[in-house]
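Residue numbers (the working numbering): 1 to 691.
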């Protein structure tokens, strides 16, 4: 019986092909179960004729979103314009199912539902999908819906029911981005795809080419799909009357579409970042390639999990936003923030004031500008420490500067809402019901900081083996067996001594394997990891934000400190240095260093205003009374706080020189086979006094 139950669960979690009636039944069930999913049809909503040749089937229209207001960002997904290309309808059906099932459990899914609206036509060519044939049959005609849009084709004018359904959707809504699913290849493509922008056997460059390339890269990264990328004309083939070019440029590049002005009432809506996904080389791939629901979260997997991740990420990218949290640590008030809905952070910073005499935040004090990546790029978490108990702040950011083009065709600035709402001040486009609003900067509302609780955690250690990683300034807990249950526990005093913290960690019951660069006999653990096991019942108080004073006490001694940086790639990384006056950062290319570092010996050394060279050795004299010292390096970095200079006789120096030459040869040989090192944390701190 157990085996039968297990087999049943396996079948339930596996994705597979779905026919017209199965998809219709699934959406009926989802609508009854999740109030933010609404299902209708083009026949019921817009009065479009019922098709023949499919037993009265309808062109289903689904909306997903809990708060559709005039400025809610909207995205559109088409399951199939060609009825024999079978993956897209399954993707959208399982996307809706995944959102419904995870709304209450997944914070990001809930945020998408609460701040976005997804419009989808799971079976856009309902007749073709019902009959499993490419074209739409209606009134004894057989037509290709993806040649029926008025772009670069005077004969295309929404004659098919599928094209007419999309026309009505685009007249009602104001859509920012979209994907249309097809089959027969494996590719992710974007405009241009029409013959009027096809020269010498190649596509010309669309005015939004920079944005298309950047977004495509992000979609591929998160979806983990193995797809060819480029313009539709170059990767697939050029066509006239296609949905993709019409959705992108039908509102501003429609000279060859005489039916346009008479048959479409929302031309400003046709400025979308629109993508064509050819889901698989086989239009109807075998079931074993579809994957299962668990793979949506674990990564990789089959076709359906990959494209669920792709559609979710594009939905998020529709509009950039900032998330943040405020906590107290011994050094002050810590503000941490992240950029979502975007790819690159041009800059971000905090404006702050003790008293609000004006809501014009531009007149307030500001922190330094940080650069980095958004969630869908080179993701960076930003942090700022304030030494005060009460103040006001806003966080601002400039993201995704996609305004520069090389040879756009036509020679105009970017046209999509996606680019304009990020780079045009006070951008606004409206139709009769909705509006798209943007600006050249993202600005949060004004927040007041007062009575911030001290960060305290009591951790229930998970069953099995888990890892505690310790970095400068914070501790992350990672379980290999299950999620760690960490909750606020205000009854326990904040651990204010490094020795106490390490005593707690080292006294956990069960086998304890100590990391490479420290042990429990040395309380001054600044970096590395502890690998432990637990029966799932043990618990411990974990210091979530070790204070600067705690870390300083570890190595602020009247001795030389030798730090060797093991780094084998050219990515930016950080070495934190603590001072009584502020936090400073030594990083690649930074001239504003507030401590003195002596040049290391050998061929590789530190230069002010230049890169930190691989393998550099830095010697720093620490004096207790100065209140400044190096406080932490990350994993794969060695340090010693008991360095002593030794004077050697001449004969010993000769031996030492020979040994050094031999060591250099060994190092060169080792580098040829050395694996990449661990990149230092990208958390960025600066401590501020407010006046």
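Positions of the beta carbon are idealized from the N, C-alpha and C atoms, including for glycine.
Owing to the predicted nature of the structure, the values given are computational and were not obtained by experimental measurement.
Continuous beta strand (DSSP E) stretch holding residue i: start and end
i, result
"residue 142", "141-143"
"residue 336", "332-340"
"residue 391", "391-399"
"residue 387", "That residue, residue 387, is in no beta strand (DSSP E); it is neither H nor E in DSSP."
"residue 165", "Looking at the DSSP string, residue 165 is not in any beta strand (DSSP E); the run it does join, the alpha helix (DSSP H), is 161-172."
"residue 230", "228-231"
"residue 78", "74-78"
C-alpha gap between residue i and residue j, whole angstroms
i, j, result
"residue 242", "residue 189", "13 Å"
"residue 228", "residue 68", "35 Å"
"residue 353", "residue 429", "34 Å"
"residue 368", "residue 13", "48 Å"
"residue 268", "residue 339", "28 Å"
"residue 231", "residue 658", "60 Å"
"residue 157", "residue 151", "9 Å"
"residue 16", "residue 170", "31 Å"
"residue 212", "residue 273", "7 Å"
"residue 277", "residue 396", "34 Å"
"residue 750", "residue 43", "Past the boundaries of the shown model lies residue 750; the chain is included only from 1 to 691, so the question cannot be answered."
"residue 309", "residue 452", "36 Å"
"residue 327", "residue 348", "20 Å"
"residue 40", "residue 119", "11 Å"
"residue 425", "residue 419", "12 Å"
"residue 140", "residue 51", "11 Å"
"residue 222", "residue 285", "22 Å"
"residue 291", "residue 438", "38 Å"
"residue 403", "residue 208", "8 Å"
"residue 380", "residue 336", "11 Å"
"residue 131", "residue 162", "14 Å"
"residue 237", "residue 377", "29 Å"
Bridge partners - residue i, DSSP secondary structure assignment
i, result
"residue 138", "141"
"residue 280", "185"
"residue 244", "In DSSP, residue 244 forms no bridge with anything."
"residue 344", "373"
"residue 365", "352"
"residue 404", "Its beta-bridge partners do not exist; DSSP assigns none."
"residue 62", "39 and 120"
"residue 428", "437"
"residue 199", "202"
"residue 448", "392"
Under 7 Å between C-beta atoms of residue i and residue j
i, j, result
"residue 280", "residue 183", "yes"
"residue 219", "residue 78", "no"
"residue 283", "residue 19", "no"
"residue 206", "residue 318", "no"
"residue 37", "residue 30", "yes"
"residue 323", "residue 75", "no"
"residue 449", "residue 356", "no"
"residue 393", "residue 447", "yes"
"residue 26", "residue 121", "no"
"residue 289", "residue 299", "no"
"residue 89", "residue 100", "no"
"residue 135", "residue 148", "no"
"residue 153", "residue 240", "yes"
"residue 127", "residue 187", "no"
"residue 174", "residue 431", "yes"
"residue 436", "residue 91", "no"
Member of the options whose CA lies at the smallest distance from the CA of residue i
i, options, result
"residue 401", "156, 41, 393 and 342", "342"
"residue 129", "140, 180, 209 and 59", "59"
"residue 442", "351, 450, 305 and 275", "351"
"residue 233", "208, 173 and 198", "198"
"residue 247", "62, 193 and 304", "193"
"residue 63", "56, 86, 131 and 97", "97"
"residue 275", "325, 237, 215 and 306", "215"
"residue 70", "270, 117, 163 and 385", "117"
"residue 693", "405, 421, 433 and 422", "Nothing can be reported for residue 693, as the shown portion of the chain is limited to 1 through 691."
"residue 294", "165, 408 and 95", "95"
"residue 287", "435, 87 and 413", "87"
Where the alpha helix (DSSP H) containing residue i begins and where it ends
i, result
"residue 112", "107-115"
"residue 310", "303-317"
"residue 27", "20-33"
"residue 423", "417-423"
Neighbour flag for residue i against chain D, beta carbons, 7 Å
i, result
"residue 420", "The displayed structure is made up of one protein chain only, and chain D is not part of it."
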